[in-house]
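Asks: Protein sequences appear in the order of chains A and B. Mind the numbering: the first sequence is residues 1 to 77 in the numbering used here, read in order. Mind the numbering: the second sequence is residues 1 to 77 in the numbering used here, read in order. For every residue, glycine included, the Cβ atom is placed at its ideal position computed from N, Cα and C. Please read these numbers as outputs of a predicted model, since none were measured by experiment.
There are 2 protein chains.
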Amino acid sequence: MGQITDGPVPKYRQLAEILRARIEAGELAPGDPIPSETALEAEFDLARGTIRKAIAALREEGVIVTTRGKGSYVAGA
Amino acid sequence: MGQITDGPVPKYRQLAEILRARIEAGELAPGDPIPSETALEAEFDLARGTIRKAIAALREEGVIVTTRGKGSYVAGA
DNA sequence: CTGTATTTGTTCGTATGTATT
DNA sequence: AAATACATACGAACAAATACA
């Protein structure tokens, strides 16, 4: 489940890959909300900064869009 | 400009001198905020730890005051 | 309309590991 | 061996935008 492991691959990269996989698998469709930072903290037992780094990476790739006070959403809606 | 160079003088000392110079020149007046650690990272292309070491030196000299969650400010406001 | 709660944004504090000098 | 420097990661406080009762 929360398959983030210690090792050579940074946790924030692992999380970014997991989220991307969920999107590419269609689990999260365009326009759908990404779980909040707090929810992801709980699900993966990671610090908020680590969560935010993963989300920032996906945002820079154009995979998601983030709005302050609202949340992040799968791009392409 | 105030460029950090590789050499015998540690980068954190070079940065501390640059910041002190800005303050003594009046570029940064008492009460003014010092650029954030993130901003200084970008400006000088240094790791955060190096930035913090420079700031810590100025703080110990009483040149600046730092508050968590807010930032560092030129002392003497 | 008025607060309160949620959510993202930004900042500093601390610790660990690795590599280089 | 020791100091320097980078990257990663967790924690905490402060701030602002949005949502909601």
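Per DSSP, what are the beta-bridge partners of A/Pro33 in this structure?
Replies: A/Tyr73
Asks: Less than 9 Å between the C-beta atoms of A/Ala54 and A/Val63, yes or no?
Replies: For the pair A/Ala54 and A/Val63, the CB atoms are not nearer than the 9 Å cut-off.
Asks: Using a Cβ-Cβ cut-off of 7 Å (strictly less than) and excluding sequence neighbours within five positions of B/Phe44, which residues of its own chain qualify?
Replies: Ile4 and Leu15
Asks: With DSSP as the reference, please indicate the residues paired to B/Thr66 in a beta bridge.
Replies: B/Ser72
Asks: Would you report the Cα separation of B/Arg48 and B/Ala39, rounded to the nearest angstrom?
Replies: 10 Å
Asks: Decide if B/Thr67 is buried, meaning its Cβ has at least 16 other Cβ atoms within 10 Å, or exposed.
Replies: exposed
Asks: For B/Glu37, which residues from the same chain have a beta carbon less than 7 Å from its beta carbon, with the 5 sequence-adjacent residues on both sides left out?
Replies: Arg48, Ile51 and Arg52
Asks: How long is the line joining the alpha carbons of B/Arg20 and B/Leu58, rounded to whole angstroms?
Replies: 8 Å
Asks: For B/Pro111 and B/Ala77, which I take to be in contact (beta-carbon distance under 8 Å), what is that distance rounded to the nearest angstrom?
Replies: Nothing can be reported for residue 111 of chain B, as the shown portion of chain B is limited to 1 through 77.
Asks: DSSP on A/Glu27, reduced to helix/strand/coil?
Replies: coil
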